[in-house]
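Please read the structure below before turning to the comments.
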Amino acid sequence: MPGSIKRFEKQFRAVVIAATLLVVASIGCVDYVAGRELSFSVFYLFAVGIATWYLGARFALGIAILSVMVSLAGDLAIGGRYSNRLVPWWNVSITLVFYLFVIALLARLRAVQGILEARVKERTAALRDEMAERERVERELLAISENEQRRIGHDLHDSLGQHLTGVALAGQVLEETLSARGLPEAVDAGKLVDLIEEGISLTRNLAKGLHPIEFETDGLMLALEELAASSSDLFKVACTFECDSPVIVRDRTASGHLYRIAQEAISNSVKHGKSRHISLQLEALDTGIALRVKDDGCGLPDPLPTRAGMGLRIMAHRASIIGGTFEARCDGSGGTLIAVLLRYPEPTGGNVP
Amino acid sequence: MNKPKTNIYLVDDHPLVREWLTNLIHQQPDMAVCGEAETAPEALQGIGRLKPHVAIVDISLKDGSGIELIKSLKSAHPGVAVIVLSMHDENLYAERALRAGARGYIMKRETAKRVISGIRQVLDGNICVSERLTASFARKFVGGAAAQDEPPLGRLSDRELEVFQMLGQGRETRQIAESLHISIKTVQAFCARIKEKLHLHSATELLREAVRWQENQHRS
Chain A
26 MPGSIKRFEK QFRAVVIAAT LLVVASIGCV DYVAGRELSF SVFYLFAVGI
76 ATWYLGARFA LGIAILSVMV SLAGDLAIGG RYSNRLVPWW NVSITLVFYL
126 FVIALLARLR AVQGILEARV KERTAALRDE MAERERVERE LLAISENEQR
176 RIGHDLHDSL GQHLTGVALA GQVLEETLSA RGLPEAVDAG KLVDLIEEGI
226 SLTRNLAKGL HPIEFETDGL MLALEELAAS SSDLFKVACT FECDSPVIVR
276 DRTASGHLYR IAQEAISNSV KHGKSRHISL QLEALDTGIA LRVKDDGCGL
326 PDPLPTRAGM GLRIMAHRAS IIGGTFEARC DGSGGTLIAV LLRYPEPTGG
376 NVP
Chain B
983 MNKPKTNIYL VDDHPLVREW LTNLIHQQPD MAVCGEAETA PEALQGIGRL
1033 KPHVAIVDIS LKDGSGIELI KSLKSAHPGV AVIVLSMHDE NLYAERALRA
1083 GARGYIMKRE TAKRVISGIR QVLDGNICVS ERLTASFARK FVGGAAAQDE
1133 PPLGRLSDRE LEVFQMLGQG RETRQIAESL HISIKTVQAF CARIKEKLHL
1183 HSATELLREA VRWQENQHRS
């Protein structure tokens, strides 16, 4: 590539040199025909200007000297008379100084423009780097928070859950001991065991929220099914999960983000959309896997308030991280539709078992 | 009290659970804990040596799946009745544990109240699962899906069976469509018909049934 650019630059230079010389020659001819009285020095300036801008000050100096020489030669060839033999030389010198002045100005302008261009290029590159870096950091932050949640979920489920199981067993032992001795406190001990078991359920549900997807092939489907059920309970709405044929998402990151998008969409739809029915749909299309959250609420407000906008932005961001497209719009029937399309990565070898 | 006590072996990687489960069992006049283990290999060795009547197994052990342990126990020591204790939801694991050879499944959040009665149930030759799960098994039985060990695949057309098999191999809808040279929509239509014929209610159930069937094929 640099080779072809260099060749192009060389060709361009040759063309500009030829054009400049041609301009000087043509103006020289006209100057000669027009006679001694008319000054053409301003027209030579055109060639000098082109040379300065495209070929540099040194070449432009050459063109300037050439121009005054051509002009002088023409005047001398016409054979005019001057009051003093030095007059034509004086005029030539004045013109030359004028040209030099213009060359200096133009060269300076050109240099400044070059610097500006380079600076803009530099800033653009830096900006692009910064954007890439920021995207990387955002991705990492989300991954960290996801991992942290998973870890806490795991700890809750395993350590605290197991510990509470031990405690419930201890309570049961106490209850049986007390009741064997015929003490009325046995009833309280029994209640205690119930309370601890409720605690285990609570721990499990908390862990489920933090670490929703089991690593099974049907993990995402199961998790969304449970999400629909628990949302119906929690928000007192009719939330259904529709998935006609099995949809398998093997990429854990992708299924994690799809789940969080669904979770956020449901919570938005209840809190901001005031909807009564929410339908969660997962479907394999020809182009990819589609997740849709449809509701019968009041639709998206226009313009979006900052907070709701934030939720949408995070959903869109999650979709972009897993290479999906995100769409949030008012449904035809008045509610809101949130849709994510996760394109298939590449053609699979369908015939390989 | 001349009757010999029922010997119980505990497999759980949480010491507090083992300790208090032991205390609870020892409170029963007719039961005793004869040994305990944290890992599957330890458990296999201990159970082989002590020959307990009942083994209580947590399926999420540190060194891997308790389901595998249940399978090994069933083949090596078929006389030992295994009861599963688990933090996991019964919907997810109970059926799998029972198929692997367990005789009961108790979730840890109800262990304290149910474990003793569960042991007695199993000793009486019964299966110990929650009422909810019993009801769900019964529904399946009435629906016909569990009438034989195998799902009634005879009702499926050749093409439907092919799709069912591929689902069981863990293939995605798109892969199935590609290898059968049909559209994804057609695969989905097949799935809908299979669900209807096998009395399955959701895509999740369909996938699980297909995987289970595939596993059985491999075994036999």
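Which chain is which? The protein sequence lines are A and B, in order.
When the first sequence is numbered by the working numbering, its final residue is 378 and no position is left out of the sequence of numbers.
When the second sequence is numbered by the working numbering, its final residue is 1202 and no position is left out of the sequence of numbers.
Here a beta-carbon is modelled for each residue, glycine too, at the ideal position from N, C-alpha and C.
Check residue i in the structure and name its three-state DSSP category.
i          : result
Asn989(B)  : strand
Glu1191(B) : helix
Gly349(A)  : strand
Leu305(A)  : strand
Asp320(A)  : strand
Glu1018(B) : strand
Ile177(A)  : helix
Arg1081(B) : helix
Ser1054(B) : helix
Would you kindly check if the distance between the Cβ of residue j and the Cβ of residue i is under 8 Å?
i          : j          : result
Arg1091(B) : Glu222(A)  : yes
Glu267(A)  : Ser294(A)  : no
Leu1006(B) : Ile1029(B) : no
Gly313(A)  : Gly360(A)  : no
Ala287(A)  : Leu247(A)  : no
Ser280(A)  : Gly234(A)  : no
Val41(A)   : Tyr69(A)   : no
Gly178(A)  : Arg229(A)  : no
Arg343(A)  : His302(A)  : no
Gln1010(B) : Ile1098(B) : yes
Val993(B)  : Ala1058(B) : no
Asp320(A)  : Ser292(A)  : no
Ala263(A)  : Ser255(A)  : no
Ile88(A)   : Val67(A)   : no
Leu1003(B) : Pro271(A)  : no
Ile1052(B) : Gly1083(B) : yes
Leu1143(B) : Leu1135(B) : yes
Val384(A)  : Leu97(A)   : In the structure as shown, chain A starts at 26 and stops at 378, and residue 384(A) therefore has no counterpart that could be examined.
Phe65(A)   : Val49(A)   : no
Glu289(A)  : Gly336(A)  : yes
Tyr1087(B) : Ala1094(B) : no
Taking residue i as the reference, which of the options has the closest Cα?
i          : options                                        : result
Leu366(A)  : Lys146(A), Arg317(A), Arg354(A)                : Arg317(A)
Ala1171(B) : Glu1072(B), Thr988(B), Val1039(B), Arg1141(B)  : Arg1141(B)
Asn989(B)  : His996(B), Asn1005(B), Gly1017(B), Leu1006(B)  : Gly1017(B)
Pro1034(B) : Ala1019(B), Ser1042(B), Leu1138(B)             : Ala1019(B)
Thr190(A)  : Tyr991(B), Lys987(B), His996(B), Pro986(B)     : His996(B)
Leu1085(B) : Leu1105(B), Ala1174(B), Glu1191(B)             : According to the sequence as given, residue 1085(B) is Arg; it is not Leu. Closest option to Arg1085(B), Cα to Cα, is Leu1105(B).
Tyr124(A)  : Ile52(A), Met156(A), Leu91(A)                  : Leu91(A)
Lys1044(B) : Arg1031(B), Leu1138(B), Ala1076(B), Ala1025(B) : Ala1025(B)
Ile1041(B) : Ile1065(B), Val1015(B), Glu1178(B)             : Ile1065(B)
Met1013(B) : Pro986(B), Ala1174(B), Gln1027(B), Arg1000(B)  : Pro986(B)
Ala1174(B) : Leu998(B), Pro1060(B), Ser1139(B)              : Ser1139(B)
Ile273(A)  : Ile1176(B), Lys1179(B), Gln1151(B)             : Gln1151(B)
Thr22(A)   : Ser1184(B), Arg1190(B), Val1193(B), Asn1198(B) : Nothing about residue 22(A) can be read from this structure; chain A reaches only from 26 to 378.
Gln1027(B) : Tyr991(B), Glu1072(B), Phe1146(B), Arg1000(B)  : Tyr991(B)
Once the 5 residues before and after residue i are set aside, which same chain residues still bring their CB inside 7 Å of it?
i          : result
Arg1078(B) : Ile1049
Val377(A)  : Legend: pLDDT at Val377(A) = 37, less than 50; position of this residue unreliable, value from coordinates given subsequently. Correct list: empty, nothing qualifies.
Lys146(A)  : none
Suppose the cutoff is 6 Å on Cβ atoms and the five residues either side in sequence are ignored; what does the same chain contact list for residue i look like?
i          : result
Thr1155(B) : Ile1166, Val1169
Thr77(A)   : Ala85, Ile128, Leu131, Ala132
Ala315(A)  : Glu308, Leu366
Leu325(A)  : Cys355, Thr361
Arg176(A)  : none
Ala1063(B) : Val1036, Arg1085, Val1104
Would you list the one or two residues that DSSP bridges to residue i?
i          : result
Leu1067(B) : Asp1040(B), Ile1088(B)
Cys264(A)  : Ile303(A)
Cys1173(B) : Looking at the DSSP assignment, Cys1173(B) forms no beta bridge with any residue, so it has no partner.
Ser1047(B) : Ser1042(B)
Thr361(A)  : Cys355(A)
Ile314(A)  : Ala309(A), Leu367(A)
Met1013(B) : Thr988(B)
Cys54(A)   : In DSSP, Cys54(A) forms no bridge with anything.
Between residue i and chain D, is the shortest Cβ-Cβ distance under 8 Å, so that the two count as touching?
i         : result
Asp311(A) : Any reference to chain D falls outside this structure, whose protein chains are A and B.
Quick one: residues in its chain with C-beta nearer than 8 Å to the C-beta of residue i, no 5 flanking neighbours on either side, listed in chain order?
i         : result
Val218(A) : Ala193, Gly196, Gln197, Glu200
Leu310(A) : Leu366
Arg164(A) : Ile346
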